[in-house]
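Colleague:
Shown next, in the form of structure tokens:
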């Protein structure tokens with residue numbers, strides 16, 4: 033296999049292609065856009081999404097584009113003819129072991145036997161995924177995953193389709209490649225590969241329960257389908273695009289629970305059930321807050337004791353990265369739901385300051401605590417690209433939560449430093465994470481000047497408490513059955529529901545700057561109301 037380096041002519045970059053003698057098929061990587069064409073290549077991200085990136089008026093493209101373009105151009109320029117030679121057996125086995133240890137929990141449809149004895153088509157995707165779980169700090173570190181991605185892509189397009197389930201598995205796993213940010217139109221990222229896998233799954237009838245009675249491995253195929261369901265709803269939440277899979281057109285049941293299920297499989301099933309709640313919010317525009325909170329509370333109640341964060345005595349259970357990730361998703365959904373609720377209140381009273389529910393800040397603090405555990409266990413580099421979205425959600429309440437308690441303010445800054453440190457571990461291999469890191473860094477400096485100059489006076493009631501304080505919502509306590517010391521700001525929930533005026537006032541002093549900024553996010557400075565997924569406000 034050979035690699036041509038890019039050639040420049042007449043001010044335009046001509047993208048080299050990658051050719052292989054294996055199967056006689058040429059694999060072509062989507063070209064890097066030229067300065068002339070780059071304005072036409074912006075991908076649709078709803079302006080209401082937290083990942084929306086506004087193009088500055090004096091430039092032709094969003095700020096994050098330069099970062100990924102430099103990386104991809106360096107990868108292309110450094111590509112040598114021997115870069116695509118088959119890996120030595122020890123190296124190949126090491127990558128497969130990395131997949132088994134760090135990626136496999138999120139791809140439960142790949143059995144332990146398949147990992148080391150899979151067809152070449154599937155093994156290339158497994159090695160790609162395994163390579164991305166390693167620490168990647170430089171472009172040089174990314175060269176191996178890049179070449180593995182090219183090989184996996186070529187194998188997919190060269191496949192005869194004789195074994196469509198293996199082909200489906202390979203496509204589904206290849207969606208882990210996410211060098212370009214979501215703001216770029218590309219056929220080389222999760223949106224494209226997950227969409228391709230979903231269409232193939234629909235073609236195979238995996239959206240219908242009756243199909244599975246004719247399959248050799250029905251349970252594995254069910255897990256593939258639900259992995260695609262999970263990816264679909266998360267992408268809809270991330271980018272403000274509609275769900276591709278409509279619930280009304282599928283009737284597939286999860287494989288039944290078994291005492292023989294591994295911890296990974298049990299977590300995967302729990303996450304899938306959790307994301308079905310999110311799908312209710314996004315796909316069906318579920319607006320009744322009590323119903324959403326009840327569904328989330330029921331989900332937590334059904335989680336097996338061994339998969340919870342704390343045991344019955346309130347002590348932290350042993351760290352498991354996949355469990356931490358499951359609860360990160362849980363807290364992220366809480367943030368999304370309450371942002372929607374609070375913004376609806378803002379729209380109903382456009383001339384009043386709108387308070388933010390303390391549950392939002394508490395959930396953000398819990399997420400940050402879980403990321404801290406992941407970071408201290410040196411697992412940050414093993415997170416997937418979806419965590420750029422979760423980290424953005426965790427950062428927003430921290431950025432806009434201004435406290436007059438110096439100790440809490442230090443904790444707030446420390447939380448944001450931690451979020452940025454996790455993103456720094458991911459920014460080279462995932463363009464979206466670099467985009468989020470830039471956005472957070474910008475927002476950390478903007479709101480301070482904004483709040484100090486534009487805060488409006490607050491109308492107080494007779495007891496000295498702001499009149500726009502949101503009433504405590506029934507069911508919130510069920511969402512946070514954790515010891516108060518688990519994360520900062522959990523005490524705000526107790527003050528919120530307390531009848532103690534002093535306690536409520538202390539809690540509100542923590543929230544005043546944050547709640548005022550919510551109303552003003554629709555302005556030209558800082559984060560706007562438009563930075564939230566449209567589905568949250570409908």
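Numbering (this note's numbering), first residue to last: 33 to 570.
Note that beta-carbon positions come from the ideal geometry of N, C-alpha and C, so glycine has one too.
Bear in mind that the values here come from a model prediction, so they are computed numbers and not experimental data.
Going by the beta-carbon positions, is the gap between residue 157 and residue 133 smaller than 8 angstroms?
Modeller: Here residue 157 is taken as the residue at index 125 of the chain shown, counted from 1. Here residue 133 is taken as the residue at index 101 of the chain shown, counted from 1. Taking the C-beta atoms as reference points, residue 133 is found no nearer than 8 angstroms to residue 157.
Colleague: My guess is that residue 407 and residue 437 are in contact by the Cβ rule of under 8 angstroms, so how many angstroms apart are they, rounded?
Modeller: The residue labelled residue 407 in the question sits at position 375 within the chain shown. The residue labelled residue 437 in the question sits at position 405 within the chain shown. In fact, because the Cβ distance is near 25 angstroms, the residues do not count as touching under 8 angstroms.
Colleague: What alpha helix (DSSP H) runs, 4 residues minimum, are completely inside the stretch 98-141?
Modeller: 121-130
Colleague: So, with DSSP's three-state summary, where would you put residue 47?
Modeller: Here residue 47 refers to the residue found at position 15 when the chain shown is read from its first residue. At residue 47 the pLDDT is 31, less than 50, meaning the model places this residue with poor confidence; the figure from the coordinates comes in the next sentence. Three-state DSSP puts residue 47 in coil, outside helix and strand.
Colleague: Curious, which full-length alpha helix (DSSP H) runs of at least 4 residues does the stretch 178-251 contain?
Modeller: 196-206, 222-235
Colleague: For residue 448 and residue 476, which I take to be in contact (beta-carbon distance under 8 angstroms), what is that distance rounded to the nearest angstrom?
Modeller: As a first step, residue 448 is located in the chain shown; it is residue number 416 there, counting from the start. As a first step, residue 476 is located in the chain shown; it is residue number 444 there, counting from the start. The Cβ separation is near 6 angstroms, so the contact holds.
Colleague: Any contact between the stretch 340-358 and the stretch 389-397? By contact I mean 3 or more CB pairs, one from each, below 8 angstroms.
Modeller: no
Colleague: According to DSSP, residue 342 sits in a beta bridge with which residue or residues?
Modeller: The sequence position of residue 342 within the chain shown is 310, counting from 1. For residue 342, which the question treats as bridged, DSSP gives the partners 348.
Colleague: Start and end of the alpha helix (DSSP H) containing residue 445?
Modeller: Here the question's residue 445 lines up with position 413 in the chain shown. 438-456 is the span of the alpha helix (DSSP H), which, as asked, contains residue 445.
Colleague: For residue 403, does the count of other Cβ atoms within 10 angstroms reach 16, so buried, or fall short, so exposed?
Modeller: As a position in the chain shown, residue 403 is number 371, starting the count at 1. Of the other Cβ atoms in all chains shown, 16 or more fall within 10 Å of the Cβ of residue 403; this residue is therefore buried.
Colleague: Can you tell me whether residue 282 is helix, strand or coil according to DSSP?
Modeller: Start at 1 with the first residue of the chain shown, and residue 282 comes out as number 250. Three-state result, residue 282: coil.
Colleague: Could you check what DSSP says for residue 320 in three-state terms: helix, strand or coil?
Modeller: For this step, residue 320 is matched to residue 288 along the chain shown. Of the three classes helix, strand and coil, the one that applies to residue 320 here is coil, per DSSP.
Colleague: Can you tell me whether residue 398 is helix, strand or coil according to DSSP?
Modeller: Your numbering for residue 398 matches position 366 in the chain shown. Helix at residue 398.
Colleague: Which of helix, strand or coil does DSSP assign to residue 521?
Modeller: Taking the chain shown and counting its residues from 1, the one referred to as residue 521 is at position 489. The answer is coil: DSSP assigns residue 521 none of H, G, I, E or B.
Colleague: Thinking residue 389 and residue 136 are a contact (beta carbons under 8 angstroms), I'd like their distance in whole angstroms, please.
Modeller: Numbered from its first residue, the chain shown carries residue 389 at position 357. Numbered from its first residue, the chain shown carries residue 136 at position 104. That belief does not hold up - the Cβ atoms of residue 389 and residue 136 are roughly 37 angstroms apart, past 8 angstroms.
Colleague: Quick one: measure Cβ to Cβ for residue 203 and residue 188, integer angstroms, because I've assumed they're closer than 8 angstroms.
Modeller: Counting from one through the chain shown, the residue named residue 203 turns up at place 171. Counting from one through the chain shown, the residue named residue 188 turns up at place 156. The pair is a contact, with the Cβ atoms about 6 angstroms apart (cut-off 8 angstroms).
Colleague: If you reduce the DSSP assignment to three classes, tell me which class residue 55 lands in.
Modeller: Position 23 of the chain shown, counting from 1, holds the residue named residue 55. Confidence at residue 55 is low in this model, with a pLDDT of 38, below 50, so the placement of that residue should be treated as unreliable; the coordinate-derived value is given next. Looking at residue 55 - three-state DSSP - the assignment turns out to be coil, as it is neither helix nor strand.
Colleague: With 16 other CB atoms within 10 Å as the buried threshold, where does residue 337 fall?
Modeller: Translated into the one-based positions of the chain shown, residue 337 becomes position 305. Exposed is the call here.
Colleague: Considering only their Cβ atoms, is the gap separating residue 335 from residue 369 smaller than 8 angstroms?
Modeller: Start at 1 with the first residue of the chain shown, and residue 369 comes out as number 337. Start at 1 with the first residue of the chain shown, and residue 335 comes out as number 303. 8 angstroms or more divides the Cβ of residue 369 from the Cβ of residue 335.
Colleague: Any idea what DSSP makes of residue 32, helix, strand or coil?
Modeller: With the chain represented from 33 up to 570, any question about residue 32 goes unanswered, as that position is not in the structure.
Colleague: Between the alpha carbons of residue 286 and residue 255, how many angstroms are there, rounded?
Modeller: What you label residue 286 is simply residue 254 of the chain shown in a count that begins at 1. What you label residue 255 is simply residue 223 of the chain shown in a count that begins at 1. Those two C-alpha atoms are separated by around 7 angstroms.
Colleague: Helix, strand or coil: which one does DSSP assign to residue 510?
Modeller: Taking the first residue of the chain shown as 1, we reach residue 510 at position 478. Of the three classes helix, strand and coil, the one that applies to residue 510 here is helix, per DSSP.
Colleague: Which of helix, strand or coil does DSSP assign to residue 460?
Modeller: The residue you call residue 460 lines up with position 428 of the chain shown. Coil, per DSSP.
Colleague: So, using beta-carbon positions, are residue 207 and residue 229 closer together than 8 angstroms?
Modeller: On the chain shown, position 175 is the one that residue 207 refers to. On the chain shown, position 197 is the one that residue 229 refers to. Contact flag set, yes.
Colleague: Taking buried to mean at least 16 other C-beta atoms within 10 Å of its own C-beta, is residue 222 buried or exposed?
Modeller: Residue 222 sits at position 190 when you count from the first residue of the chain shown. Buried.
Colleague: Can you check whether the CB of residue 211 is closer than 8 angstroms to the CB of residue 104?
Modeller: Position 72 of the chain shown, counted from the start, is the residue given in the question as residue 104. Position 179 of the chain shown, counted from the start, is the residue given in the question as residue 211. In this structure, residue 211 lies closer than 8 angstroms to residue 104 by Cβ.
Colleague: With H, G and I counted as helix, E and B as strand and the rest as coil, what does DSSP make of residue 151?
Modeller: The residue you call residue 151 lines up with position 119 of the chain shown. In the three-state DSSP reduction, residue 151 falls in the coil class, being neither helix nor strand.
Colleague: Is the stretch 273-280 close to the stretch 227-247, with three or more CB pairs under 8 angstroms?
Modeller: Segment contact: the stretch 273-280 against the stretch 227-247, three or more CB-CB distances shorter than 8 angstroms; contact assigned.
Colleague: Could you give the C-beta distance for residue 574 and residue 299, rounded to a whole number, given that I count them as a contact under 8 angstroms?
Modeller: Residue 574 lies beyond the stretch modelled for the chain, which goes from 33 to 570, so this question has no answer here.
Colleague: Which residues bound the alpha helix (DSSP H) around residue 412?
Modeller: Mapped onto the chain shown, residue 412 falls at position 380. From DSSP, residue 412 is part of no alpha helix (DSSP H); its letter is neither H nor E.
Colleague: In chain order, what residues of the same chain have a beta carbon less than 6 angstroms from the beta carbon of residue 365, not counting five sequence neighbours either side?
Modeller: Within the chain shown, the letter at position 333 stands for residue 365. Closer than 6 angstroms at the Cβ level, and outside the excluded window around residue 365, lie 310.
Colleague: Label residue 464 either buried or exposed according to how many other C-beta atoms from any shown protein chain fall within 10 Å of its C-beta, with 16 as the threshold for buried.
Modeller: Taking the chain shown and counting its residues from 1, one reaches residue 464 at position 432. It counts as buried.
Colleague: Evaluate residue 333 with the Cβ neighbour count: other Cβ atoms within 10 Å of its Cβ, from every protein chain shown; 16 or more gives buried, anything less gives exposed.
Modeller: Residue numbering aside, residue 333 sits at position 301 when the chain shown is read from its first letter. Label assigned to residue 333: exposed.
Colleague: By DSSP, does residue 336 sit in helix, in strand, or in coil?
Modeller: For the purposes of this step, residue 336 is taken as residue 304 along the chain shown, with counting starting at 1. Looking at residue 336 - three-state DSSP - the assignment turns out to be coil, as it is neither helix nor strand.
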